[in-house]
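To keep things clear, I will list the structure first and then write my remarks on it.
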Amino acid sequence: MALVDRSEAWREELRASMKNKERTNIERVHMNELDATIRSRNSEEVNLGLTVEQALLEAKRCLDCANPTCMNGCPVSINIPKFVKNIERGEFLEAAKTLKETSALPAVCGRVCPQELQCESQCIHIKMGKPAVAIGYLERFAADFERESGQISVPEIPHKNGIKVAAVGSGPAGLAFAGDMAQRGYDVTVFEALHQIGGVLKYGIPEFRLPNKIVDVEIECLRQMGVKFLTNCIVGKTITFDELSEEGFKGMFVGSGAGLPNFMNIKGENLIGVMSANEYLTRVNLMDAANPESDTPVYKGKSVAIIGGGNTAMDAVRTARRLGADRAMIVYRRSEEEMPARIEEIKHAKEEGIEFLTLHNPIEYHGNERGRVTHMLLQKMQLGEPDASGRRSPIAIEGATELIEVDMVIVSVGVSPNPLVPQSIQGLEVSRKGTVIVNENSMQTNIPAIFAGGDIVRGGATVILAMGDGRKAAAAMDEYLKESEN
Amino acid sequence: MNKIISKEHFSANVVKLEVEAPMIAKSRRAGHFVLVKVGEKGERIPLTITSSDLEKGTITLVIQKMGVSSTKICNLNEGDYITDLVGPLGKATHIEKFGTVVCAGGGVGLAPLLPIVEALKKAGNRVITVLAARTKDLIILEDQLRKHSDEIVIMTDDGSYGNKGLVTNGVENIINREKVDLCVTIGPAVMMKFVSLLTKKYEVPTLCSLNTIMVDGTGMCGACRVTVGGKTKFVCVDGPEFDAHQVDFDEMLMRLNAYKDEETESMTNLKK
Ligand SMILES: Cc1cc2nc3c(=O)[nH]c(=O)nc-3n(C[C@H](O)[C@H](O)[C@H](O)COP(=O)(O)OP(=O)(O)OC[C@H]3O[C@@H](n4cnc5c(N)ncnc54)[C@H](O)[C@@H]3O)c2cc1C
Ligand SMILES: Cc1cc2nc3c(=O)[nH]c(=O)nc-3n(C[C@H](O)[C@H](O)[C@H](O)COP(=O)(O)OP(=O)(O)OC[C@H]3O[C@@H](n4cnc5c(N)ncnc54)[C@H](O)[C@@H]3O)c2cc1C
Ligand code: FES
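These protein sequence lines are chains A and C, in that order.
Under the numbering used here, the first residue of the first sequence is numbered 18, with each subsequent residue one higher.
Under the numbering used here, the first residue of the second sequence is numbered 26, with each subsequent residue one higher.
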């Protein structure tokens, strides 16, 4: 990769101001958190963020490397040393601006990115056997500082070209696409099937991890840039792609997510009290069902099992705990090492008293005469040879089963792409798994005016990747539309 | 926000609303439904689109008061707004010329039946509609259904109108009388279960439209799942219509009661 420019005078001065040895000797900051016993009974955000002092000190740990490998770990190549060094010199707004050059949603990514697998895994400190610079915490710090300062920079829009483009879906992919196209002067409309904007950021990830108000600020910023939002509108149903073309939309970006929950098709899975994590989280997050004012009901199980080991499973189990579960369990067929969830979520879950039944797999559910689930039968597992995913595959230990009492089971074993959009566009190329096929560099589908990105292309990924796709698609669509003008 | 253009009472507990929704009016077909939410903290509930008016850009909903959410919608008046309304959802009914079709509807199932009866008739079928309710006052949409049917049979449990008896008695009489090529049944799950058992006996292909609990209506949550032919299906995207002979009605009936306690509690609160 190209070396980043770090030649500005202030940066040279900063580098000279402290020896690398001194920098590496500073201990990694600890995130301030709400007390686990208190937080496991409310929905307040668990991570409280860093104080100014903590951020200033943590930023000093960064060596401002000539070859910042951390940037290789970032799916959208944020200029990490530049933003961190801006924090070190106290220019927090400048740091936020640097983030926004490449990331549409830094306050969100600072909270939900799996940094330990991305930027932080490539940090020079790791190579020296020390914990990485807390890049994620610093990202969140800069973005929060900007928001709380009330001085959010709404990017200036040079000139409006009046060309209409559409984003289908308002998750991170759609929002990032919309922001970039608005900045390029396009007339952008975001169509959203649900009654709220934000996709998984709203209906999936809970308040205690990503407060809605943070997402809303980003959306408001897009509004000020002239982006229009149309909720309760399902493209392909309420309005077809052909109709959008007829209405003058010259380009469309499909960011419709991977909405379909998978089930395991085992006995008893349709009993009352067994549901998908999507249903559970949608009830609680989108419909606010735990609030007595809300008309939407939700179970408040006392003994709750969540099947799966991803971020969704962690969110569901911690939600169940907050809604009063005495016993909240993660049931995962592999060992903790293979769990796909962010390390921080696993740590937080444990602190909140979540039980981890790893190397266990449900094989059937039992119910009572009213059809309500009462027990789950678990098969004990052991790890065998690595499978296609490189993880050691779980094998059943014959005869070793366990029956556990439960009054609620939440199935979180992955999602499949939402077939609604692919089905409604004639001729759109789709993979066997149902994901939309695109050119990886341009995110363009086989239909030139239609681009796609996020989970509908990747089949379940991360916020940052979805956002990166949206930005890539915006750049490529801009090119495409300019070319087709000429 | 969708404005209510007109409101009519079909009975004490059944209301017809004409609602502004120009895009939906244009794209809907028989068998489609919408999800409706009233108020910021409202619940999303599914309602069939009974008819639409392209010129006015409106759709018509017929709603029966069941619990909190349906009552809130029924309590809205002309000029009020529905907070959120999305659709059209589900697969449209497969309409073709089958021959003689018996359409058996009960209770509020008559509302979703209307557009299907209309479309079947238009496609050249001989349509016999069996309309059933507990008592005379609960028979709705009789005139509209009559208009699109070749024959109409009315059944009431108490004999206060039409013939005394259950919907199944009405359907059985017709099957014994003439060759029936298809039966369509929409109503309470128990009713559909028994119609389905009957037509299975006579080997008459039967379609039912399932009214499960839903949340998003776009295939995202699985709250609406049912077992059809031994496989799990999502009513909102795979349905709402299915081959009735393949549907596990007992499981569906059980699942409809999933939130019974919570619903009873919130209804008590609403009445207070
Ligand atoms: C509970 C949970 C926790 C997660 N935690 C993390 C995490 O900690 N870190 C991380 O990086 N990732 C996490 N993820 C994954 C991440 O959220 C997704 O990868 C990301 O949101 C994908 O973005 P997207 O824009 O592609 O789709 P989505 O966020 O799914 O948004 C798609 C939107 O499109 C709408 N839509 C669908 N079809 C239509 C249509 N036809 N017309 C109009 N609108 C339509 C949908 O209603 C939805 O709002 C989590 C996911 C879940 C479910
Ligand atoms: C595809 C589809 C189309 C529908 N079309 C219409 C329509 O056109 N008009 C109409 O009035 N209703 C229709 N329904 C049913 C309607 O959605 C429910 O009556 C409504 O959701 C009940 O909500 P509630 O809060 O008022 O009652 P709740 O408080 O949820 O329930 C009150 C009582 O009704 C029972 N109940 C709940 N849901 C149903 C149901 N789906 N069917 C039967 N009993 C139920 C419960 O067991 C409970 O005892 C349709 C349902 C589906 C799935
Ligand atoms: S209502 Fe959620 S999947 Fe059908």
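Built from N, CA and C at the ideal position, the CB exists for glycine as well.
Check each residue of the segment 122–137 of chain C: if its Cβ is closer than 7 Å to any Cβ of chain A, include it; give the result in chain order.
-> none
Members of the segment 436–461 of chain A near chain C, C-beta cut-off 9 Å = Pro-436 and Leu-437
What residue from A:His-377, A:Ala-151, A:Phe-208 and A:Ala-413 has the CA that sits closest to Arg-45 of chain A's CA?
-> A:Ala-151
Contacting residues, own chain, Cβ-Cβ under 6 Å from Thr-375 of chain A (five flanking each side not counted) | Tyr-349, Ser-352 and Glu-353
Thinking Val-205 of chain A and Ala-184 of chain A are a contact (beta carbons under 8 Å), I'd like their distance in whole angstroms, please.
-> 7 Å
Using CA coordinates, which residue listed in A:Phe-158, A:Gly-444, A:Glu-70 and A:His-142 is at the minimum distance from Arg-40 of chain A?
-> A:His-142
Ligand 2 heavy atoms versus the CB of Tyr-284 of chain C: any closer than 8 Å?
-> yes
Taking Cβ to Cβ, would you say Phe-280 of chain A is nearer than 9 Å to Val-182 of chain A?
-> no
Mind pulling the alpha helix (DSSP H) runs of 4 or more residues that sit fully within the segment 243–280 of chain A?
-> 258–263
Can you tell me the Cα-Cα spacing of Lys-285 of chain C and Leu-295 of chain C, whole angstroms?
-> 15 Å
Could you name the residues, in chain order, whose CB is less than 7 Å away from a heavy atom belonging to ligand 3?
-> A:Glu-296, C:Met-239, C:Val-240, C:Asp-241, C:Gly-242, C:Thr-243, C:Gly-244, C:Met-245, C:Cys-246, C:Gly-247, C:Ala-248, C:Cys-249, C:Phe-259, C:Val-260, C:Cys-261 and C:Val-262
Could you tell me the boundaries of the alpha helix (DSSP H) in which Arg-250 of chain C lies?
-> Not the alpha helix (DSSP H): Arg-250 of chain C falls in the beta strand (DSSP E), residues 250–253.
Segment limits, beta strand (DSSP E) that includes Val-59 of chain C | 58–62
Report yes or no: do three or more beta-carbon pairs, one from the segment 357–372 of chain A and one from the segment 49–63 of chain A, lie closer than 8 Å?
-> yes
Could you round the C-beta distance between Lys-219 of chain A and Asn-302 of chain A to whole angstroms and report it? I think they count as a contact, below 8 Å.
-> 7 Å
Beta carbon of Val-260 of chain C, beta carbon of Cys-246 of chain C: below 9 Å?
-> no
Quick one: is Val-215 of chain C buried, meaning 16 or more other Cβ sit within 10 Å of its Cβ, or exposed?
-> exposed
Have a look at Pro-47 of chain C and Gly-471 of chain A and give me their C-alpha separation to the nearest angstrom.
-> 31 Å
Among residues of its own chain, excluding the 5 on either side of Ala-19 of chain A, which ones have a beta-carbon nearer than 6 Å to its beta-carbon?
-> For Ala-19 of chain A, the pLDDT reaches just 44, beneath the cut-off of 50, and the residue's location in the model is therefore unreliable, leaving the point undetermined.
Could you have a look at Phe-99 of chain C and say whether DSSP puts it in helix, strand or coil?
-> Per the sequence shown, the amino acid found at residue 99 of chain C is Cys instead of Phe. Reduced to three states, the DSSP call for Cys-99 of chain C is helix.
Give a single yes or no on whether Ala-149 of chain A has its beta carbon closer than 8 Å to a heavy atom of ligand 2.
-> no
Hey, does Lys-41 of chain C have any beta-carbon neighbour from chain A nearer than 9 Å?
-> no
Would you say Asp-312 of chain A reaches chain C, if we count a Cβ-Cβ gap shorter than 9 Å as a contact?
-> yes
Could you check the C-alpha separation between Thr-96 of chain C and Met-277 of chain C for me, to the nearest Å?
-> 23 Å
Sort A:Leu-482, A:Thr-54 and A:Met-494 by Cα distance to Gln-461 of chain A and report the nearest one.
-> A:Met-494
Leu-298 of chain A to Ile-222 of chain A, Cα distance in whole Å?
-> 8 Å
Give the residues of chain C in contact with Thr-299 of chain A, contact being defined as C-beta atoms less than 9 Å apart.
-> Val-240, Asp-241, Met-245, Cys-246 and Ala-248
Residue of C:Phe-219, C:Arg-151 and C:Arg-159 minimising C-alpha distance to Arg-171 of chain C | C:Arg-151
Just how far apart, CA to CA, sit Met-198 of chain A and Val-244 of chain A?
-> 9 Å
Using three-state DSSP, classify Asn-4 of chain C as helix, strand or coil.
-> Chain C is shown from 26 up to 297; residue 4 of chain C falls before or after that span and cannot be answered.
What residues in its chain sit with their C-beta under 6 Å from that of Glu-209 of chain A, if we drop five residues either side in the sequence?
-> Ser-187 and Thr-248
In DSSP terms, what Asp-78 of chain C is bridged to = C:Thr-83
What's the call for Ser-507 of chain A, buried or exposed, on a 16-neighbour Cβ count within 10 Å?
-> Any question about residue 507 of chain A goes unanswered here, given that chain A covers just 18 to 503.
Just to confirm, are Val-126 of chain C and Leu-207 of chain C a CB contact at a threshold of 9 Å?
-> yes
In angstroms, rounded to a whole number, what distance separates the CA positions of Arg-226 of chain A and Asn-463 of chain A?
-> 38 Å
Pick helix, strand or coil for Arg-240 of chain A, following the three-state DSSP scheme.
-> helix
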